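Student: Each position in the sequence shown, counted from 1, maps to that position plus 1 in my numbering.
Note that the Cβ used here is the ideal one computed from N, Cα and C, for glycine as well.
Keep in mind that this is a model prediction, so the values were computed, not measured.
Below is the structure I would like to discuss, written out as structure tokens.
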Amino acid sequence: MKLDKKTSIYIGGLSLLAIIMLIYLFQNFDMPSWHMLLFWSGLTIAAETLLIMLPNNSVGVSVGSAINLAAIIVGGPILGTVSAGLGFLLRYPYVPGEGRVHLFNTPFYITTFNVAQSVLGTGIISLVYLYTGGQVGAFHFPQAVLILLLGMVINSFIVSVLMSILKKLEFSKVWISNMRGLILNALAVGILGIIIALAYLGYGYWAVLLFSGPLLLARFSFKLYMDMKNIHLSTIETLSKTIEAKDPYTSGHANRVMEYSVLLAEEYGLSESKLQKIRTAAVLHDIGKIAINDNILNKATGLTSEEYAEIKKHPSVGADIISNMDLFKDIKGIVKYHHERYDGKGYPDGLKGEEIPIEACILTIADSYDAMTTDRPYRKALDKEVALEEILSNAGTQFHPELARIFVKKIREQEV
Numbered sequence: 002m003k004l005d006k007k008t009s010i011y012i013g014g015l016s017l018l019a020i021i022m023l024i025y026l027f028q029n030f031d032m033p034s035w036h037m038l039l040f041w042s043g044l045t046i047a048a049e050t051l052l053i054m055l056p057n058n059s060v061g062v063s064v065g066s067a068i069n070l071a072a073i074i075v076g077g078p079i080l081g082t083v084s085a086g087l088g089f090l091l092r093y094p095y096v097p098g099e100g101r102v103h104l105f106n107t108p109f110y111i112t113t114f115n116v117a118q119s120v121l122g123t124g125i126i127s128l129v130y131l132y133t134g135g136q137v138g139a140f141h142f143p144q145a146v147l148i149l150l151l152g153m154v155i156n157s158f159i160v161s162v163l164m165s166i167l168k169k170l171e172f173s174k175v176w177i178s179n180m181r182g183l184i185l186n187a188l189a190v191g192i193l194g195i196i197i198a199l200a201y202l203g204y205g206y207w208a209v210l211l212f213s214g215p216l217l218l219a220r221f222s223f224k225l226y227m228d229m230k231n232i233h234l235s236t237i238e239t240l241s242k243t244i245e246a247k248d249p250y251t252s253g254h255a256n257r258v259m260e261y262s263v264l265l266a267e268e269y270g271l272s273e274s275k276l277q278k279i280r281t282a283a284v285l286h287d288i289g290k291i292a293i294n295d296n297i298l299n300k301a302t303g304l305t306s307e308e309y310a311e312i313k314k315h316p317s318v319g320a321d322i323i324s325n326m327d328l329f330k331d332i333k334g335i336v337k338y339h340h341e342r343y344d345g346k347g348y349p350d351g352l353k354g355e356e357i358p359i360e361a362c363i364l365t366i367a368d369s370y371d372a373m374t375t376d377r378p379y380r381k382a383l384d385k386e387v388a389l390e391e392i393l394s395n396a397g398t399q400f401h402p403e404l405a406r407i408f409v410k411k412i413r414e415q416e417v
């Protein structure tokens, strides 16, 4: 992947700041003993190696930051910062579909960003710990809580800037969304770091190693949960392929609708939980077409009133299908109402305005745009700009007015 200029400048700048941080730390603080450095770096590398990938393999979670927090408290800034950097540099995690990922098969810019953000973030909080009265080798509760919270904010900030550049999204919305999804996990990991620090200060290396047993058990339980989530996603993909096999003209339609829907939902500022619902609903929004006759779905001429009445059944049929599956019950309304209109002239229930779930309004726009810009049995694809003008002209009638304007603006920005 070739990075654009903005991304290259950002990662380069971040790396320069991380180098400056290391120089400052080595000039102003004492080196920890080699056995401490080996022990805490080894723990961090092991933690980052045992990370668990979340669905879609987009993000991994580990307890590495808990170990870094503990290392700052028990050994000081250099110990915490070097351990953090080595954890990302030398980790060897397993990523489903890719196998073992390491320094030599990971793109250089990814490794550079990960190491730089961990070194810079850990360096900053280690200095804050000391300069607010915390002492190395002693536990100070207020300072520990302070750097726990600060570390969460800094990490989220650094990652959000990169995401906003890569996805061309408004930074504040990306940061708020990331913070919402990060708070509980960061607090749990931070508290774990405090416990590890107290164990070491009270009883030494062996206490930390013994504490690793329950940690591994917790990791195993969480991995089982994530495996179930991945089975969930595999089920969605299988159902999506079943739909597309029925209607060859819609090949790739569900994935494109998902991409457009997520793009719009992120720009609108929906939470991560709602984004996940939209992802799932977008892939399954046409599942009700399984019950529609193939001759109607693939008809090259206009539909009769009876045939159109059959087509209009698919949102309700789809909602009925997924309502019997526990995995998908929470997206029933999105699937059922994705053909409702803002003016109340849609189907199946003729909902209008704010009666329609916002997620369904998003899906309506994404679905309509992709339908207009791809070939169908009865017509050729429209030019993208023509489709965007159609969405704007129907804002407030067919489409949610604010969402329509946001979508058109975002798509035009991407085209530029």
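I need the straight-line Cα distance from glutamine 415 to isoleucine 21, nearest angstrom please.
Tutor: Those two C-alpha atoms are separated by around 36 Å.
Student: Where does arginine 181 sit, in a helix, a strand or coil, going by DSSP?
Tutor: Three-state DSSP puts arginine 181 in a helix.
Student: Between the stretch 141 to 148 and the stretch 159 to 168, are three or more C-beta pairs nearer than 8 Å?
Tutor: Touching, no, given that fewer than three Cβ pairs across the two stretches are closer than 8 Å.
Student: DSSP state of methionine 54, grouped into three classes?
Tutor: Strand at methionine 54.
Student: Can you list, in chain order, the stretches of the alpha helix (DSSP H) that have 4 or more residues and sit fully within the stretch 157 to 244?
Tutor: Taking only runs of at least 4 residues, the alpha helix (DSSP H) segments lying wholly in the stretch 157 to 244 are 172 to 204.
Student: For leucine 80, I'd like the list of residues in its chain whose CB is within less than 8 Å of its CB, leaving aside the five on either flank, ordered along the chain.
Tutor: Hits under 8 Å: Pro33, Met37, Leu38, Trp41, Ala72 and Ile73.
Student: With phenylalanine 172 and valine 162 assumed to form a contact (beta carbons below 8 Å), what rounded beta-carbon distance in angstroms separates them?
Tutor: About 6 Å; that satisfies the 8 Å criterion.
Student: Does glutamate 360 pass the burial test, meaning 16 or more other C-beta atoms within 10 Å, or should it be called exposed?
Tutor: Its Cβ being crowded by 16 or more others within 10 Å, glutamate 360 is buried.
Student: Examine the Cβ distances between the stretch 282 to 293 and the stretch 308 to 316 and report whether three or more of them are shorter than 8 Å.
Tutor: Yes, since at least three Cβ pairs between the stretch 282 to 293 and the stretch 308 to 316 fall closer than 8 Å, the two stretches touch.
Student: Is the Cβ of alanine 48 closer than 8 Å to any Cβ of chain C?
Tutor: In summary, chain C is missing from the structure at hand, where a single protein chain is found.
Student: Given a cut-off of 8 Å, decide if serine 241 and alanine 255 are closer than it, judged by their beta-carbon atoms.
Tutor: Cβ distance < 8 Å, so alanine 255 and serine 241 count as in contact.
Student: So what's tyrosine 95 in DSSP terms, helix, strand or just coil?
Tutor: Reduced to three states, the DSSP call for tyrosine 95 is strand.
Student: Among all the DSSP beta bridges, which residues are the ones paired with arginine 257?
Tutor: In DSSP, arginine 257 forms no bridge with anything.
Student: Starting from the C-beta of glycine 61, find all residues in its chain whose C-beta is less than 6 Å away, skip the five residues before and the five after it, and write them out in chain order.
Tutor: Once the five neighbours on either side are set aside, the close Cβ partners of glycine 61 are Leu52 and Met54.
Student: Closest to tyrosine 132 by C-alpha separation, out of Ile148, Ser84, Leu121 and Ser119, would be which residue?
Tutor: When only C-alpha atoms are compared, the closest one is Ile148.
Student: Could you have a look at phenylalanine 27 and say whether DSSP puts it in helix, strand or coil?
Tutor: It is helical.
Student: What is the residue span of the alpha helix (DSSP H) that lysine 333 lies within?
Tutor: Unbroken alpha helix (DSSP H) run through lysine 333: 333 to 337.
Student: Drop a sphere of 10 angstroms on the beta-carbon of glutamate 268, count the other beta-carbons inside from all chains shown, and report buried for 16 or more, exposed for fewer.
Tutor: The residue in question, glutamate 268, is buried, as its Cβ has 16 or more Cβ neighbours within 10 Å.
Student: Return the residue from the list Leu193, Tyr93, Phe27 and Ser274 that minimises the CA-CA distance to alanine 47.
Tutor: Cα-wise, what sits closest to alanine 47 is Tyr93.
Student: So, for valine 409: in the same chain, excluding its five sequence neighbours on each side, which residues have a beta-carbon less than 7 Å away from its beta-carbon?
Tutor: Excluding residues within five positions, the ones whose Cβ falls inside 7 Å are Leu389, Ile392 and Leu393.
Student: Whose C-beta lies closer than 6 Å to the C-beta of cysteine 1 among residues of the same chain, with five residues either side of it excluded?
Tutor: As displayed, the chain neither begins before 2 nor continues past 417, which places residue 1 out of reach and without an answer.
Student: Helix, strand or coil: how does DSSP classify alanine 396 here?
Tutor: Here alanine 396 sits in strand by DSSP.
Student: Leaving out five residues before and five after valine 190 in sequence, what residues of the same chain have Cβ atoms less than 7 Å from its Cβ?
Tutor: If we look at valine 190 and ignore the five residues flanking it on each side, its Cβ neighbours are Val64, Ser66 and Ala67.
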